[in-house]
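Engineer:
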Amino acid sequence: MIDRNGYWPRRGHTIMAQHQSGEELPPIGLVAGWGSFPVQVAQSLIREGRRVCCIAISGHASTDLESICDHVTWAGVGKLGGHIRYFRRNGVEQVTMAGKLFKADILYQGSVWLRHFPDLTCVRTLGPALLGRQRDARDDSLLIAVTDAYGRAGMEVLAATDFAPELLVEAGRLAGPKLKQQQTSDAQAGWQVAKQMGGMDIGQTITIKDGTVIAVEAIEGTDACIERTGELCRRGGWTLVKVSKPKQDMRFDVPTIGPQTVQKVAQAKGKAIAIEAGKTILVEREATFRLAAELRISIIAMKDGVSDEATHHAGSIVAANFATPSPSNPPSERAA
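In the working numbering, the protein residues as written are 3 to 338.
(1) What would DSSP say about E222, mapped onto helix, strand or coil?
(2) When the Cα atoms are used, what is the spatial distance from R175 to H85?
(3) If you measure between the beta carbons of Q269 and G232, is that distance less than 9 angstroms?
(4) DSSP three-state call for C71: helix, strand or coil?
(5) So what's S300 in DSSP terms, helix, strand or just coil?
(6) Measure the alpha-carbon distance for Q265 versus A276 and round it to whole angstroms.
(7) Have a look at R140 and D203 and give me their C-alpha separation to the nearest angstrom.
(8) Below 9 angstroms between beta carbons: does that hold for I210 and T186?
(9) With DSSP run on the structure shown, which of helix, strand or coil describes C56?
(10) Hey, T65 and A177 are a contact pair by Cβ (cut 8 angstroms); roughly how many whole angstroms apart?
(11) Buried or exposed: Q194, going by 16 or more other Cβ atoms within 10 Å of its Cβ?
(12) May I have the straight-line CA-CA distance separating K180 from L128, to the nearest angstrom?
(13) With distance defined between alpha-carbon atoms, name the residue in Q183, D188, G192, G61 nearest to F119.
(14) Helix, strand or coil for K102, going by three-state DSSP, please let me know.
(15) Could you check whether A162 and T98 sit closer than 9 angstroms to each other, using their CB atoms as the reference points?
(16) Quick one, which of C124, Q183, T207 has its alpha-carbon nearest A226's?
(17) Can the beta-carbon of V267 be found less than 9 angstroms from the beta-carbon of G200?
(18) Buried or exposed: L144, going by 16 or more other Cβ atoms within 10 Å of its Cβ?
(19) Do K197 and P248 count as a contact pair if the criterion is CB distance below 9 angstroms?
(20) Relative to the C-alpha of R49, which residue among A34, G37, I70 is closest?
(21) Residues in its own chain within less than 7 angstroms of E286 by CB, not counting five upstream and five downstream?
(22) Using the Cα positions of E219 and P257, report the straight-line distance between them to the nearest angstrom.
(23) Would you mind reading off the limits of the beta strand (DSSP E) that contains V33?
(24) The alpha helix (DSSP H) that contains L82, what's its start and end?
(25) With a threshold of 6 angstroms on Cβ separation, who are the neighbours of R253 within its own chain once the five nearest residues in sequence on each side are excluded?
(26) When DSSP labels each residue in this structure, what does W76 get in the three-state scheme?
(27) Could you compute how far the alpha carbon of G272 sits from the alpha carbon of M304?
(28) W36 and A77: beta carbons closer than 9 angstroms?
(29) Got a sec? Which residues, its chain only, sit under 6 angstroms from Y152 by beta carbon, not counting five neighbours each side?
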């Protein structure tokens, strides 16, 4: 049923979360982008007995949210003032954001941006970054500005992983065959390069083979980076490395993989995926592991650039045949 304020699912009843004192807890506000991550966050919140009021971003979010959340409204990403008013109207005090936004489509793809046409609050919040003389459309700059706008409205923005910590991966080999020594070496070398790219807010993902970086993710996203790698390295056998930024804000833009990542890597003839333990989200875990085993794609989660498999190999593994600066000393100070 649709009302003027959004969609009320027919769940038969609304789950009321309560303090131990019996006082009802306010609902959690969820801003949902593309992918299954927002769906799993909403499911986790509902399991905990929390009410969820969701802003589903048009052209991005899954309609599955309508049957999970207590209330859903659809809106363009630029309707920031509308987002804030919706949450206020529903008594939201804490907000979390989950899911990918297709930034290139929103900002640079002609008429597509019209569905996200910014309201006055959005213009005031993001105008200096997007329209000023010193333009800054980097992910961190825009998302921190949005977070500050929620803060001024009396709402706290929290990390989605605070509500669904089970989605973060543990260290070790997670799925697929054991890495060969060269793949382990590539994963370690790729870690350093990916950290450098993240530190400059360019992307979270690189692909590498035999110590040579093949592709670097930028605004096009991880899937396009994988596809480009398949075109550039037709022999296959390369490794995908995806890590957090050196100073990752876990409230947004957290690296994420899932079954689609595994499928894309296999289609492009990749052989391994290396991610960061404790700071990478794994959606649809069982499906991801099952597909990795079927397609023989190795998935490892590394800690501080080293994997358990790297430790198992002889200690002669080197980072690469080219020098890369340490993440803590970048040359200068960014989706599954």
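Here a beta-carbon is modelled for each residue, glycine too, at the ideal position from N, C-alpha and C.
As the structure is a computational prediction, the values presented were derived from the model and not from experiment.
Structural biologist: With the given structure in hand:
(1) If you number the sequence shown from 1, residue 222 lands on position 220. In the structure shown, E222 sits in coil (DSSP, three-state: anything other than H, G, I, E or B).
(2) On the sequence shown, position 173 is the one that residue 175 refers to. On the sequence shown, position 83 is the one that residue 85 refers to. Cα to Cα, R175 sits roughly 41 angstroms from H85.
(3) Start at 1 with the first residue of the sequence shown, and residue 269 comes out as number 267. Start at 1 with the first residue of the sequence shown, and residue 232 comes out as number 230. Yes. Within cutoff.
(4) Locating residue 71 in the sequence shown gives position 69, where the first residue counts as 1. DSSP places C71 in coil when its eight states are reduced to three.
(5) Indexing the sequence shown from 1 puts residue 300 at position 298. S300: strand per DSSP, three-state reduction.
(6) Taking the sequence shown and counting its residues from 1, one reaches residue 265 at position 263. Taking the sequence shown and counting its residues from 1, one reaches residue 276 at position 274. Roughly 15 angstroms between the two C-alpha positions.
(7) Against the sequence shown, residue 140 aligns to sequence position 138. Against the sequence shown, residue 203 aligns to sequence position 201. Going by the C-alpha atoms only, they are around 7 angstroms apart.
(8) Here residue 210 is taken as the residue at index 208 of the sequence shown, counted from 1. Here residue 186 is taken as the residue at index 184 of the sequence shown, counted from 1. Contact: no.
(9) Translated into the one-based positions of the sequence shown, residue 56 becomes position 54. C56 falls in the strand class under three-state DSSP.
(10) By 1-based counting over the sequence shown, the position of residue 65 is 63. By 1-based counting over the sequence shown, the position of residue 177 is 175. Their Cβ separation, rounded to whole angstroms, is 29 angstroms, which puts T65 and A177 out of contact at 8 angstroms.
(11) Your numbering for residue 194 matches position 192 in the sequence shown. So Q194 counts as buried.
(12) Here residue 180 refers to the residue found at position 178 when the sequence shown is read from its first residue. Here residue 128 refers to the residue found at position 126 when the sequence shown is read from its first residue. Using only the alpha carbons, I get a separation of about 46 angstroms.
(13) Here residue 119 is taken as the residue at index 117 of the sequence shown, counted from 1. Looking at the Cα atoms, G61 is the closest of the given residues.
(14) For the purposes of this step, residue 102 is identified with residue 100 of the sequence shown, where counting begins at 1. Note: K102 maps to strand in three-state DSSP.
(15) Stepping through the sequence shown from its first residue, residue 98 is reached at position 96. Stepping through the sequence shown from its first residue, residue 162 is reached at position 160. Cβ distance < 9 angstroms, so T98 and A162 count as in contact.
(16) The count along the sequence shown starts at 1 and reaches residue 226 at position 224. Nearest C-alpha to A226: T207.
(17) Working through the sequence shown from its first residue, we reach residue 267 at position 265. Working through the sequence shown from its first residue, we reach residue 200 at position 198. Not a contact, by the Cβ cut-off of 9 angstroms.
(18) What you label residue 144 is simply residue 142 of the sequence shown in a count that begins at 1. Buried.
(19) Start at 1 with the first residue of the sequence shown, and residue 248 comes out as number 246. Start at 1 with the first residue of the sequence shown, and residue 197 comes out as number 195. For P248 and K197, yes; Cβs fall inside 9 angstroms.
(20) If you number the sequence shown from 1, residue 49 lands on position 47. Checking every option, the nearest Cα to that of R49 belongs to I70.
(21) By 1-based counting over the sequence shown, the position of residue 286 is 284. S38, G260, P261, listed in sequence order.
(22) Residue numbering aside, residue 219 sits at position 217 when the sequence shown is read from its first letter. Residue numbering aside, residue 257 sits at position 255 when the sequence shown is read from its first letter. Their Cα atoms are separated by approximately 12 angstroms.
(23) The residue given as residue 33 occupies position 31 in the sequence shown. Run containing V33: 30-34, per the beta strand (DSSP E) assignment.
(24) On the sequence shown, residue 82 is found 80 positions in, with the first residue counted as 1. Unbroken alpha helix (DSSP H) run through L82: 82-91.
(25) As a working mapping, residue 253 is identified with position 251 in the sequence shown. Contacts found: V159, A161.
(26) Your numbering for residue 76 matches position 74 in the sequence shown. Three-state result, W76: strand.
(27) Residue mapping note: residue 272 aligns to position 270 of the sequence shown, counting from 1. Residue mapping note: residue 304 aligns to position 302 of the sequence shown, counting from 1. Approximately 18 angstroms, taken between the alpha carbons.
(28) Counted from its first residue, the sequence shown places residue 36 at position 34. Counted from its first residue, the sequence shown places residue 77 at position 75. No.
(29) The residue you call residue 152 lines up with position 150 of the sequence shown. Only V97, V159 meet the Cβ criterion.
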